Each structure stands twice: as C-alpha cells, then as structure tokens.
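> Just so you know, we're using our numbering here: the sequence shown kicks off at 121 and counts up by one.
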Amino acid sequence: MIKEQEYIFTRVNMALDGLLGAAAVALAHVLRNEIIAPYLLPDFFRSASRFSDYVWLTWVTPVVLITVLYANRYYASDRLRNPRELRRTAIVSAVETVAVLALLSFFLQGKDRDGLNQRALLGSENVSRGVLLLTAPILTALLLAKSVLVARVLQYLRARGHFCRTLLIVGSGLPLRRFLTLIKNHPVWGFRVEGIIDDVGREAKFVDGVPVVGGLSNLIPFLESHCVDEVVFLPEQLSLNELTPLLEQCEVMGVRTRLSLNFFEPTIAKPVLDFFEGFPVVTYTPTREMNAALLFKYTFDRIAAAILLILFSPIFVITAILIKITSESWKDPIFYGQTRCGLNGKPFTCWKFRSMKVGADKELDRLRDKNVMGGPVFKMRDDPRVTKIGKFIRKTSIDELPQLWNVLRGDMSLVGPRPPIPSEVAKYDRWQRRRLSMKPGITCLWQVSGRNQLPFDVWMKLDLEYIDNWSLWLDFKILLKTVYVVATGYGAM
Numbered sequence: 121m122i123k124e125q126e127y128i129f130t131r132v133n134m135a136l137d138g139l140l141g142a143a144a145v146a147l148a149h150v151l152r153n154e155i156i157a158p159y160l161l162p163d164f165f166r167s168a169s170r171f172s173d174y175v176w177l178t179w180v181t182p183v184v185l186i187t188v189l190y191a192n193r194y195y196a197s198d199r200l201r202n203p204r205e206l207r208r209t210a211i212v213s214a215v216e217t218v219a220v221l222a223l224l225s226f227f228l229q230g231k232d233r234d235g236l237n238q239r240a241l242l243g244s245e246n247v248s249r250g251v252l253l254l255t256a257p258i259l260t261a262l263l264l265a266k267s268v269l270v271a272r273v274l275q276y277l278r279a280r281g282h283f284c285r286t287l288l289i290v291g292s293g294l295p296l297r298r299f300l301t302l303i304k305n306h307p308v309w310g311f312r313v314e315g316i317i318d319d320v321g322r323e324a325k326f327v328d329g330v331p332v333v334g335g336l337s338n339l340i341p342f343l344e345s346h347c348v349d350e351v352v353f354l355p356e357q358l359s360l361n362e363l364t365p366l367l368e369q370c371e372v373m374g375v376r377t378r379l380s381l382n383f384f385e386p387t388i389a390k391p392v393l394d395f396f397e398g399f400p401v402v403t404y405t406p407t408r409e410m411n412a413a414l415l416f417k418y419t420f421d422r423i424a425a426a427i428l429l430i431l432f433s434p435i436f437v438i439t440a441i442l443i444k445i446t447s448e449s450w451k452d453p454i455f456y457g458q459t460r461c462g463l464n465g466k467p468f469t470c471w472k473f474r475s476m477k478v479g480a481d482k483e484l485d486r487l488r489d490k491n492v493m494g495g496p497v498f499k500m501r502d503d504p505r506v507t508k509i510g511k512f513i514r515k516t517s518i519d520e521l522p523q524l525w526n527v528l529r530g531d532m533s534l535v536g537p538r539p540p541i542p543s544e545v546a547k548y549d550r551w552q553r554r555r556l557s558m559k560p561g562i563t564c565l566w567q568v569s570g571r572n573q574l575p576f577d578v579w580m581k582l583d584l585e586y587i588d589n590w591s592l593w594l595d596f597k598i599l600l601k602t603v604y605v606v607a608t609g610y611g612a613m
C-alpha cells in the first residue's frame with residue numbers, strides 16, 4: 121500500500137511541477153508585457169508580444185522542467201532527503217530549465233536558407249528575452265513554495281500515521297544510537313521504529329525509549345508476528361557469514377532491507393549504488409556525476425568556443441602575422457602544441473600561440489634555479505626564452521586563444537583547473553591529483569585570484585575549492601572576472 125501511495129505521490133508531484141512550469145511562463149509574460157513594459161521601460165523597449173508567441177513555451181517548459189528535475193534526482197524517494205537539498209535542487213533545476221529554453225528559442229527561431237521563418241513551426245513570432253529572464257525567478261519561487269507546502273503536508277500526514285514505514289533495527293553500540301538520533305531528528309522521513317534486535321547481546325531492555333526485542337535468533341520470529349516494512353542492518357561486528365542468512369530470510373519473506381556501510385566514512389566522496397548487470401557495487405565518487413548542469417556546461421562550452429573562434433579570427437590572423445615576421449626563420453611555427461593532462465589524467469595536445477623561441481624546452485634545465493612558483497610548476501620572471509611579441513601576447517592572454525579549439529574538441533572547458541604537463545603531475549602530492557578529476561579549462565579561480573603571484577599550494581587549493589563548490593553561477597562569475605583580469609593584465613608574468 122505504501123509503495124502504491126509513493127508511486128501516486130511522485131506522479132502527482134511531477135504533474136504539479138509541469139503545471140508550475142507552464143504557469144511560470146504565463147506569469148512572466150503578463151509581468152513583462154502588462155506591468156513592466158507599460159510603466160517601467162523606456163519607449164524603445166516597450167514592444168509587446170502576444171501570448172500566442174509563448175504557447176509553445178507553455179508546453180515545452182513542463183517537459184524540459186520535469187526532465188531536468190528527474191536528471192537531478194529530485195523525484196528520488198524524498199523520505200531520506202534533506203529539505204535543504206531538495207530546495208537547492210529545485211533552484212538549480214529552475215535555472216537550468218530556463219537556460220535550456222533560451223537555447224531552444226535561439227536555435228528554433230532562426231530562418232532557414234530559403235528565408236522561411238522557422239518560428240512558424242512553433243506558432244511563435246517573437247520570444248522576449250525579458251520573459252525568459254523573468255521565468256527563472258518566478259519558476260524558482262513557485263517550485264520553492266510547492267516544496268515547502270508539500271513538506272508541511274507530508275509532515276502533518278506522517279505525524280498522524282499516514283505514509284509511515286515501520287522499522288526493525290538490527291545493531292548495537294554507537295551506530296545504533298546515531299541512527300536512532302537521525303530518525304528522531306527527522307520526523308518528516310516518516311519512520312517509526314518498532315524494535316531493536318541486539319546483534320551482540322550487550323544492550324539494555326530499552327535504547328533511547330525503543331524496546332530491545334531480542335537477539336539475532338529472534339529476528340525471523342519477530343518478522344513473522346509483527347508488521348514490519350523494513351529491516352535496517354547496522355553491522356558493527358557482524359561477519360558476512362552471520363549477515364548473509366538474515367538478508368536471505370528477509371528477501372524470502374518479502375521484507376525490504378537496508379544495509380549500513382559504515383566501515384568507511386568518506387570526507388569528500390559521495391557513495392552511490394550502481395549495478396553491473398544486477399551486480400550491486402557501492403561507488404564512492406569524489407567528483408560530480410554527469411547531470412543536467414554539467415551537460416549544459418559542456419554544451420555551452422562548445423557553442424561559445426565556436427562563436428568566439430569566429431569573433432576572434434581577426435586577432436588570430438594579426439597574431440599569426442606578427443609571430444611570423446618576428447621569428448628567426450620563416451619555418452618557425454605559429455602555434456605551440458604541448459602534451460597536457462586532461463580529465464582523469466588523459467593526455468591531449470594543448471595549443472597556444474608560440475610565445476617563446478623554438479627549442480625553449482631544451483633550455484629549461486639550466487633555468488630551474490630561477491623558478492619563482494615553487495612546486496613542480498616552472499614560472500620565471502623576465503624569462504629570456506620569451507620573444508618580444510611573446511611578452512605582449514602573454515600579458516594580454518592572447519597566447520591562450522587557440523585553446524578555444526581544445527574546448528571545441530571537448531578536451532577542455534572554458535572554466536576549469538589549468539591542464540598540467542605530465543612531468544608536473546608525476547611530482548604531485550596525492551591530494552593534488554584530485555584536480556585532475558574535472559575537465560581542465562582556459563580560466564579558473566587561480567587565474568582571477570592573482571595568477572602567477574600565488575604560491576603553488578594556494579593554486580592547488582583554489583582548484584580543489586572550485587571542484588568542490590562548482591556551479592553554473594560560479595562559472596559565470598569566473599568568466600566575468602576573467603574579462604577584468606585580462607583587461608588589466610593582473611597577475612600576468
């Protein structure tokens with residue numbers, strides 16, 4: 121019965137979210153065209169659009185929103201989910217949904233080669249960017265309001281015995297007490313502990329007010345005589361030989377079981393249960409799994425890289441000419457390709473405009489004592505290997521522009537830890553290798569926080585800070601700061 125209730129609740133929740141998505145578009149249209157445009161905008165911006173232009177958004181938005189929420193595990197059983205986590209997921213999903221809608225409106229509202237307006241395919245003449253911008257906060261507010269309302273309703277119902285699950289806990293000691301405290305502190309989960317099976321025979325008759333109903337030999341008889349929805353195993357001292365028969369008996373009786381894996385408590389990695397053709401494996405992931413946000417990041421990277429390569433093509437041509445005419449020989453290359461370590465250490469060729477004289481790598485050993493960075497990375501002030509034009513393109517970061525090709529290929533991202541060379545990685549401390557767990561980028565926190573003025577360990581910590589706190593908003597802020605840093609030359613060497 122409870123499974124049926126949860127199934128129905130999830131489907132109703134999805135339907136409500138779809139309706140809220142459509143409502144957000146409608147409200148954004150009304151707010152922009154009926155309130156903001158007539159009274160707050162200058163005449164130049166007052167061009168109003170008909171609601172018929174947004175009909176396609178009212179049926180596309182629910183599909184995109186539900187897909188994004190599902191991809192972000194918003195509809196996973198929320199019985200054990202932290203309300204803050206659910207609200208955060210709702211906020212992120214709302215922003216990601218509007219970002220996807222913006223991309224769709226951009227691609228679906230152009231004109232084809234014959235001049236036929238593709239908007240006719242969607243029944244749309246004009247989609248205002250203002251409406252899309254307003255949709256994000258409105259959709260976020262609606263999702264948050266619904267989330268709070270649903271949580272209050274569930275808490276009310278579960279306090280009266282509805283949607284509750286009865287637990288039998290097998291365990292003892294500290295894990296048992298920690299778990300009981302969790303259940304007590306989260307009544308919204310809707311769990312009611314029926315009793316405790318003492319796996320080592322050392323507990324009193326009651327633990328935190330919950331009765332101890334016996335030892336391991338009493339587990340199956342208790343299940344046969346009581347209504348229990350789930351058995352939670354907290355094996356502090358149980359061996360696999362003792363645990364396996366109990367799990368098998370619960371399976372035979374059709375009782376759901378939960379097994380605590382408290383033998384390893386990671387500080388960074390998040391445990392995720394995976395299945396290899398039915399073979400269960402607990403995966404400890406120290407980085408973010410691919411989700412809608414990362415998918416949008418990598419899609420945006422390639423689109424932006426393609427556009428920027430076109431926009432910067434005059435700079436490419438001018439820089440190439442300057443490098444050629446200042447080279448010692450016309451045979452000297454314009455670009456410099458170097459093997460770098462990408463995601464998870466995968467090697468790739470990273471491209472730059474050549475800013476040093478040919479054969480500069482062979483002179484590195486004699487200059488080692490001039491290193492000002494520390495650690496395995498070599499940085500030198502007034503490097504004699506740098507050409508005259510090289511100093512300028514380094515100061516202005518023009519030498520990095522060819523890496524847009526790496527972004528377009530998928531080797532790099534616009535924002536991410538800088539790609540190291542293999543010889544540097546070989547000298548990393550273990551904690552520093554985690555910076556390879558995210559796709560490298562052209563710019564990151566290090567570039568906008570002082571660049572070459574920062575010591576190596578601070579550089580590494582900034583990269584890990586970026587990985588641990590990554591979000592689309594953080595990328596956006598870094599990109600904005602990068603424009604300022606490049607314009608001022610701050611931290612360049």
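For each residue, glycine too, the CB sits at the ideal point set by N, CA and C.
Given the structure is predicted, the values throughout are model-derived calculations rather than measurements.
Look at the Cβ atom of valine 218, then the Cβ atom of alanine 256, and state whether they are nearer than 8 Å.
Numbered from its first residue, the sequence shown carries residue 218 at position 98. Numbered from its first residue, the sequence shown carries residue 256 at position 136. Yes.
> Output the boundary residues of the beta strand (DSSP E) element that contains aspartate 588.
Indexing the sequence shown from 1 puts residue 588 at position 468. From DSSP, aspartate 588 is part of no beta strand (DSSP E) but of the alpha helix (DSSP H) over 576 to 588.
> Hey, would you say proline 406 sits closer than 8 Å to serine 557, going by beta carbons?
For the purposes of this step, residue 406 is taken as the residue at position 286 of the sequence shown. For the purposes of this step, residue 557 is taken as the residue at position 437 of the sequence shown. Taking the C-beta atoms as reference points, serine 557 is found nearer than 8 Å to proline 406.
> Beta-carbon within less than 7 Å of arginine 233's beta-carbon, same chain only, minus the 5 sequence neighbours each way: which residues are those?
Here residue 233 refers to the residue found at position 113 when the sequence shown is read from its first residue. Because the pLDDT of arginine 233 is 40, which lies under 50, any placement of that residue in the model is unreliable, and the number read from its coordinates should be weighed accordingly. Cβ neighbours of arginine 233 beyond the five flanking positions: none.
> Let me know the secondary structure DSSP gives lysine 266 once reduced to three states.
As a working mapping, residue 266 is identified with position 146 in the sequence shown. DSSP places lysine 266 in helix when its eight states are reduced to three.
> Would you give the residue range spanned by the beta strand (DSSP E) that aspartate 394 belongs to?
Position 274 of the sequence shown holds residue 394. That run of the beta strand (DSSP E) goes 390 to 396.
> Would you call the segment 288 to 295 and the segment 257 to 273 touching, i.e. three or more CB-CB distances under 8 Å?
no
> In terms of residue numbering, what span does the beta strand (DSSP E) encompassing tryptophan 471 cover?
As a working mapping, residue 471 is identified with position 351 in the sequence shown. Looking at the DSSP string, the run of the beta strand (DSSP E) that includes tryptophan 471 is 467 to 473.
> On the DSSP letters alone, give me the boundaries of the alpha helix (DSSP H) that valine 313 sits inside.
Position 193 of the sequence shown, counted from the first residue, corresponds to residue 313. Per DSSP, valine 313 belongs to no alpha helix (DSSP H); it is in the beta strand (DSSP E), 311 to 317.
> With distances taken Cα to Cα, identify the nearest neighbour of phenylalanine 576 among Ser345, Phe498 and Ile317.
By 1-based counting over the sequence shown, the position of residue 576 is 456. Nearest C-alpha to phenylalanine 576: Phe498.
> Do you know how far the Cα of alanine 412 is from the Cα of asparagine 192?
For this step, residue 192 is matched to residue 72 along the sequence shown. For this step, residue 412 is matched to residue 292 along the sequence shown. Rounded to whole angstroms, asparagine 192 to alanine 412 spans 7 Å at the Cα level.
> Could you give the residue range of the beta strand (DSSP E) that holds tyrosine 456?
Taking the first residue of the sequence shown as position 1, residue 456 is located at position 336. First-last of the beta strand (DSSP E) with tyrosine 456: 455 to 461.
> In the DSSP assignment, find the unbroken alpha helix (DSSP H) run with glycine 510 in it and report its ends.
Within the sequence shown, numbered from 1, the residue matching residue 510 stands at position 390. Where glycine 510 is concerned, the enclosing alpha helix (DSSP H) stretches over 508 to 515.
> Could you check the C-alpha separation between serine 225 and valine 401 for me, to the nearest Å?
Numbered from 1 along the sequence shown, position 105 holds the residue referred to as residue 225. Numbered from 1 along the sequence shown, position 281 holds the residue referred to as residue 401. Serine 225 and valine 401: Cα-Cα distance of roughly 41 Å.
> Report the partner residues of tryptophan 379 according to the DSSP bridge assignment.
Your numbering for residue 379 matches position 259 in the sequence shown. According to the sequence shown, residue 379 is leucine rather than tryptophan. BP columns for leucine 379 point to Phe353.
> Quick check: the Cα distance between tryptophan 551 and leucine 582, rounded to an integer number of angstroms?
Locating residue 551 in the sequence shown gives position 431, where the first residue counts as 1. Locating residue 582 in the sequence shown gives position 462, where the first residue counts as 1. Straight-line Cα distance between these residues: approximately 13 Å.
> Expressed to the nearest angstrom, what Euclidean distance is found between the alpha-carbon atoms of phenylalanine 165 and glutamate 154?
As a first step, residue 165 must be located in the sequence shown, where it is residue number 45. As a first step, residue 154 must be located in the sequence shown, where it is residue number 34. Only weak support exists for where phenylalanine 165 lies, its pLDDT of 48 falling under 50; the coordinates are left without a value.
> Who are methionine 476's beta bridge partners in DSSP?
For the purposes of this step, residue 476 is taken as residue 356 along the sequence shown, with counting starting at 1. Answer is Val506.
> Suppose you measure from the CA of arginine 312 to the CA of valine 188; what does that come to, to the nearest Å?
Along the sequence shown, read from residue 1 onward, the residue named residue 312 stands at position 192. Along the sequence shown, read from residue 1 onward, the residue named residue 188 stands at position 68. Their Cα atoms are separated by approximately 33 Å.
> Say whether the segment 297 to 314 touches the segment 357 to 377, bearing in mind that this needs 3 or more beta-carbon pairs closer than 8 Å, one atom from each stretch.
They do not touch, by the three-pair rule.
> Using beta carbons (cut-off 8 Å, strictly below), is alanine 146 in contact with chain B?
Absent from the structure is chain B; it holds one protein chain and no more.
> In angstroms with no decimal places, state the Cα-to-Cα distance between cysteine 461 and leucine 185.
Residue numbering aside, residue 461 sits at position 341 when the sequence shown is read from its first letter. Residue numbering aside, residue 185 sits at position 65 when the sequence shown is read from its first letter. In this model, cysteine 461 and leucine 185 are separated by some 36 Å (Cα to Cα).
> Which stretch, first to last residue, makes up the alpha helix (DSSP H) that contains tyrosine 604?
Looking up residue 604 in the sequence shown gives position 484. It spans 592 to 608 - the alpha helix (DSSP H) in which tyrosine 604 sits, taken as one unbroken run.
> Please state whether DSSP places phenylalanine 226 in a helix, a strand or coil.
For this step, residue 226 is matched to residue 106 along the sequence shown. Of the three classes helix, strand and coil, the one that applies to phenylalanine 226 here is helix, per DSSP.
> Have a look at glutamate 409 and isoleucine 441 and give me their C-alpha separation to the nearest angstrom.
Here residue 409 corresponds to residue number 289 of the sequence shown, with the count starting at 1. Here residue 441 corresponds to residue number 321 of the sequence shown, with the count starting at 1. Straight-line Cα distance between these residues: approximately 43 Å.
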